[in-house]
Amino acid sequence: MDMPELSGKTAIITGGGSGIGKAIAEALAGAGASAVIADINAEFVHQACSDIERLGVQTVAIEADITQREQVELIFERTLEVFGRVDILVNNAGTTHPAQSICDLDLEYVDRIFELDFKGLYLCCRQAGPIMTGQASGCIINISSMAGITPLPLVMYGPMKSAVNMLTRILAREWADTGVRVNAVAPGYVMTPLIQGMISSGQRDPKTLLERIPMHAMMDPEDIARACVFLASADARFI
12 MDMPELSGKT AIITGGGSGI GKAIAEALAG AGASAVIADI NAEFVHQACS
62 DIERLGVQTV AIEADITQRE QVELIFERTL EVFGRVDILV NNAGTTHPAQ
112 SICDLDLEYV DRIFELDFKG LYLCCRQAGP IMTGQASGCI INISSMAGIT
162 PLPLVMYGPM KSAVNMLTRI LAREWADTGV RVNAVAPGYV MTPLIQGMIS
212 SGQRDPKTLL ERIPMHAMMD PEDIARACVF LASADARFI
């Protein structure tokens, strides 16, 4: 099988300034796609675009909070203004919380996880849908988690990722006859800056994490990125 070819495609990656999102943006750009990187952290998003432009593709940096409808609309308006179309949307932006019981978890996390891990993704899908169905083509990739499938002590994060999985299935069926595909990637433990920070602060025990993984090894962001490139390509046209 040849390497996936995405030349001429335009991809929006939310949370693309660091970690898994940046790795996905780099991989899509490496396959030839132009990259619109949206991130709430201005420094991260501009640095990511600077790094990715070295691959010879056009990039657009957008500082945005995807929990705000107006800012989501701005992401898509800017993309259409520059490129005229949206071929790929990767809903990667998200966060997690400490592994605690429902009685101990600070209620502040409840609103935060809902807003970022589900509502923001929902708003992006809602904005992308009419554009992609109007083009009769498009690909949406939602970054979920094994926590949405396997019961882990993540009492808000897990349910929100389960919601992402169901929304993915609903939209995949709704748009199946329009040329728009919707899929989710549900990683296990990935060694991202976020996870590294939680390990360093004692919020995660690396030994416990590895014991939960049959292969006893954590993935790198690039492993998730390669799956996304495949799903965005013509090789996955029936997925």
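Sequential numbering from 12 applies to the sequence shown in our numbering.
Even glycine gets a Cβ: it sits at the ideal position worked out from N, Cα and C.
Give me the residue from the options with the minimum Cα distance to residue i.
i, options, result
"LEU4", "ASP50, ALA53 and GLY19", "Only positions 12 to 250 of the chain appear in the structure, and residue 4 is not among them; the question remains open."
"ALA245", "PRO217, ALA42, ARG89 and VAL166", "ALA42"
"GLU84", "PRO225, THR25 and GLN214", "THR25"
"GLU222", "TYR200, VAL56 and PRO232", "TYR200"
"LEU127", "MET143, THR78, HIS57 and ILE99", "THR78"
"MET171", "ALA183, ALA243, ALA158 and ILE99", "ALA158"
"ILE31", "TYR120, ILE124, TYR168 and VAL101", "VAL101"
"ALA174", "PRO141, GLY131, ARG89 and GLY149", "GLY131"
"VAL97", "SER61, GLY140 and GLY208", "GLY140"
"ILE63", "ASP122, ILE73 and ALA46", "ALA46"
"GLY145", "ILE235, LYS33, THR189 and GLY208", "THR189"
"THR107", "ILE124, ILE99 and THR21", "ILE124"
"GLN207", "ILE250, ALA236, ASP231 and LEU165", "ASP231"
"GLU37", "ALA247, ARG237 and ILE250", "ARG237"
"ASN103", "GLN111, PHE129 and ILE113", "PHE129"
"ALA147", "ARG65, CYS135 and ALA187", "ALA187"
"ILE235", "ILE99, MET202, THR179 and GLN58", "MET202"
"ALA110", "GLN214, THR219 and CYS239", "GLN214"
"GLN69", "VAL240, ALA59 and PRO217", "ALA59"
Given a threshold of 16 other Cβ atoms within 10 Å of its Cβ, counted over all protein chains shown, does residue i qualify as buried or as exposed?
i, result
"ALA53", "exposed"
"LEU118", "exposed"
"MET12", "At MET12, the pLDDT of 48 sits below 50, so the modelled position is not reliable; the number obtained from the coordinates is stated separately. So MET12 counts as exposed."
"SER155", "buried"
"MET177", "exposed"
"SER211", "exposed"
"ASP50", "buried"
"GLU185", "exposed"
"VAL93", "exposed"
"GLU88", "exposed"
"ALA44", "buried"
"PRO225", "exposed"
"SER29", "buried"
"GLY67", "exposed"
"ILE181", "exposed"
"PHE249", "exposed"
"THR161", "exposed"
"PRO164", "exposed"
"CYS114", "exposed"
"PRO15", "buried"
"LYS33", "buried"
"ARG65", "exposed"
What does residue i pair with, by DSSP beta-bridge criteria?
i, result
"THR21", "SER45"
"ILE73", "ALA49"
"MET230", "VAL201"
"GLN111", "LEU165"
In the DSSP assignment, the beta strand (DSSP E) including residue i goes from what residue to what residue?
i, result
"VAL191", "191-196"
Could you check where the alpha helix (DSSP H) with residue i kicks off and where it finishes?
i, result
"LEU100", "Careful: LEU100 lies outside any alpha helix (DSSP H), inside the beta strand (DSSP E) at 99-102."
"THR90", "80-94"
"LEU118", "118-124"
Could you pull out every unbroken alpha helix (DSSP H) segment of at least 4 residues lying fully inside the stretch 144-177, listed in chain order?
-> Restricting attention to alpha helix (DSSP H) runs no shorter than 4 residues, the stretch 144-177 encloses none.
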